[in-house]
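Only one structure is covered here, and it is reproduced in the block below.
Residue numbers (this note's numbering), protein chains in the order written: chain A, 75 to 303; chain B, 2 to 138.
Below you can see the structure in the form of structure tokens.
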């Protein structure tokens, strides 16, 4: 594909009750990670339906493909309720037919049938992404540098997620959300906050033991700046 | 692990966040409970179906004690069960278990590493322990 398009949002149903829900989820991940990483992002459906404005705005402003596990079409209906018509709606059962019966809910039990099912659905999603790109429905051309690979719209690092560690800029996914959460919990931006900050951030971001002290200083400074806003 | 004298069924509901490993861990922990540890005593519902306002799913969370598993601080599962009038027996946060294994690589939102599966086991055990206790709805 010569031209770079705005990203396409792919929304999978959560589908915990059925194997098709797991196939939908895994297929979406396959598209994001392997098949069309430069052109796609995903959105968390429960977060979207629960009223997360960032997710809803993304779906309003970008083409979206919904992937549902069953005919209840939670992903399609939810997206259309809050963000307008989707560009394509796929249902795992329609794509797989009888093959879906051999699939499992847990990836721990996944076998050849699951693997084939995920590929089939993933390839179908990818072809919908290509169709959107070729029809230029995917929106205006954008700067290629903005397309930095597979990511989640809710977890994409924002500018506010930047830390300055020993003079070097470091991006930490979800840092503003972590600060917001800790502030709500009553963590004061004084000298005692360092341990809690470090402990929470390292869940989302690997921190080498040798850099711990530098991260600690950087996080305290950033949290103090956040709280003084 | 299961206690045959306990007949009250619990619902275990993960956030299933699709963007990060935490969501996959929450989902797999739920399946470990419903399929392996407490089959017939624990079940799950589709969170998106609940959030969409499905009447039958809403009724289910209102009638059975619910244990939620959330991957991120937005706590989608916990909040949405509460908003639907469900009774939370316990809200569990995946990262509270992950932090016992700090520094480990847990895998991705698509596949779990050995450490990721360890967290799944520990979370599931915690859920099973809560599920074994008597609950009022």
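We put the CB at the ideal spot given by N, CA and C, even for glycine. Quantities reported herein were computed from a predicted structural model and do not represent experimental measurements.
Checklist entry - Comparing the C-beta of residue 53 (chain B) with each C-beta of chain A, is any distance below 9 Å? => result Taking a beta-carbon distance threshold of 9 Å, residue 53 (chain B) counts as an interface residue toward chain A.
Checklist entry - Going by alpha carbons, who is nearest to residue 32 (chain B) out of B:20, B:21, B:16? => result Residue 32 (chain B) has its Cα closest to that of B:16, out of B:20, B:21, B:16.
Next on the checklist: With a threshold of 9 Å between beta carbons, is residue 119 (chain B) in contact with chain A?
Outcome noted: Against chain A, the CB of residue 119 (chain B) has no partner CB under 9 Å away; the residue lies outside that interface.
Checklist entry - When burial is assigned at 16 or more other CB atoms within 10 Å of the CB, is residue 155 (chain A) buried or exposed? => result exposed
Checklist entry - Does the beta-carbon of residue 281 (chain A) have 16 or more other beta-carbons within 10 angstroms, so that it is buried, or is it exposed? => result Per the 10 Å Cβ criterion, buried.
Item to check | Three-state class that DSSP yields for residue 89 (chain B) in the structure shown | outcome: strand
Checklist entry - When burial is assigned at 16 or more other CB atoms within 10 Å of the CB, is residue 135 (chain B) buried or exposed? => result exposed
Checklist entry - Name the chain A residues whose beta carbon is nearer than 9 Å to that of residue 126 (chain B)? => result Residue 126 (chain B) does not reach chain A, its nearest Cβ partner there being about 16 Å away, counting only Cβ pairs nearer than 9 Å.
Checklist entry - Are any of the Cβ atoms in chain B nearer than 9 Å to that of residue 117 (chain A)? => result With its beta carbon less than 9 Å from one in chain B, residue 117 (chain A) belongs to the interface.
Next on the checklist: Only counting the same chain, and skipping five residues up and downstream in sequence, which positions put a Cβ closer than 7 Å to that of residue 44 (chain B)?
Outcome noted: 10, 12, 35
Item to check | Alpha carbon of residue 296 (chain A) to alpha carbon of residue 85 (chain B), nearest angstrom | outcome: 37 Å
Checklist entry - What is the DSSP secondary structure of residue 71 (chain B), reduced to helix, strand or coil? => result strand
Checklist entry - Just to confirm, are residue 121 (chain A) and residue 148 (chain A) a CB contact at a threshold of 9 Å? => result It is not a contact, given that the beta carbons lie outside the stated cut-off.
Checklist entry - Do we get a CB-CB distance below 9 Å when we pair residue 116 (chain B) with the residues of chain A? => result no
Next on the checklist: I want to see whether chain B comes within less than 9 Å of residue 232 (chain A), judged by CB atoms only; does it?
Outcome noted: Because the pLDDT of residue 232 (chain A) is 41, which lies under 50, any placement of that residue in the model is unreliable, and the number read from its coordinates should be weighed accordingly. For residue 232 (chain A), the answer is no, since every Cβ of chain B falls outside 9 Å of its Cβ.
Checklist entry - With 9 Å set as the bound, which would you pick, yes or no: does the beta-carbon of residue 146 (chain A) sit closer than that to a beta-carbon of chain B? => result Yes, because at least one Cβ of chain B sits closer than 9 Å to the Cβ of residue 146 (chain A).
Next on the checklist: Output needed in chain order: residues of the segment 36-53 of chain B with a Cβ under 8 Å from some Cβ in chain A.
Outcome noted: 36, 45, 46, 47, 48, 49, 50, 52, 53
Item to check | Three-state class that DSSP yields for residue 162 (chain A) in the structure shown | outcome: strand
Item to check | Distance CB(residue 164 (chain A))-CB(residue 195 (chain A)) smaller than 9 Å | outcome: yes
Checklist entry - So which residues of chain A does residue 65 (chain B) contact, with C-beta pairs closer than 9 Å? => result None at all; the shortest Cβ gap to chain A is about 14 Å.
Checklist entry - How about residue 59 (chain B): is its C-beta nearer than 9 Å to some C-beta of chain A? => result no
Checklist entry - When you compare each of A:185, A:169, A:168 to residue 176 (chain A) by their alpha carbons, which one comes out closest? => result A:185
Next on the checklist: Need the endpoints of the beta strand (DSSP E) that residue 141 (chain A) sits in, please.
Outcome noted: 138-142
Checklist entry - Buried or exposed: where does residue 121 (chain B) fall if 16 or more other Cβ atoms within 10 Å of its Cβ makes it buried? => result Buried is the call here.
Checklist entry - Beta-carbon of residue 301 (chain A) versus every beta-carbon of chain B: anything under 9 Å? => result With 9 Å as the cut-off, residue 301 (chain A) does not count as an interface residue toward chain B.
Next on the checklist: Using CA atoms only, rank isn't needed, just tell me which of A:249, A:283, A:240, A:264 is closest to residue 292 (chain A).
Outcome noted: A:240
Next on the checklist: Assuming residue 98 (chain B) is part of the alpha helix (DSSP H), what are its boundary residues?
Outcome noted: 95-99
Checklist entry - Any Cβ of chain B within less than 9 Å of the Cβ of residue 221 (chain A)? => result Only weak support is given to the placement of residue 221 (chain A): the predicted model assigns it a pLDDT of 42, under 50, and the value that follows is read from those uncertain coordinates. No - not a single Cβ of chain B is within 9 Å of the one on residue 221 (chain A).
Next on the checklist: Counting only C-beta atoms, is residue 266 (chain A) closer than 9 Å to chain B at any point?
Outcome noted: no
Checklist entry - Going along the segment 165-188 of chain A in order, which residues come within less than 8 Å of chain B, judged by CB to CB distance? => result 179, 180, 181, 182
Checklist entry - Cα-Cα, which of A:124, A:85, A:99, A:187 is closest to residue 150 (chain A)? => result A:85
Checklist entry - So, is the C-beta of residue 190 (chain A) closer than 9 Å to a C-beta in chain B? => result no
Item to check | Beta-bridge partners of residue 44 (chain B), as assigned by DSSP | outcome: B:12
Next on the checklist: Please state the DSSP three-state secondary structure of residue 302 (chain A).
Outcome noted: coil
Next on the checklist: Please confirm whether residue 75 (chain B) has its beta-carbon closer than 9 Å to some beta-carbon of chain A.
Outcome noted: For residue 75 (chain B), the nearest CB of chain A lies under 9 Å from its own CB, placing it at the interface with that chain.
Next on the checklist: Using beta carbons (cut-off 9 Å, strictly below), is residue 19 (chain B) in contact with chain A?
Outcome noted: yes
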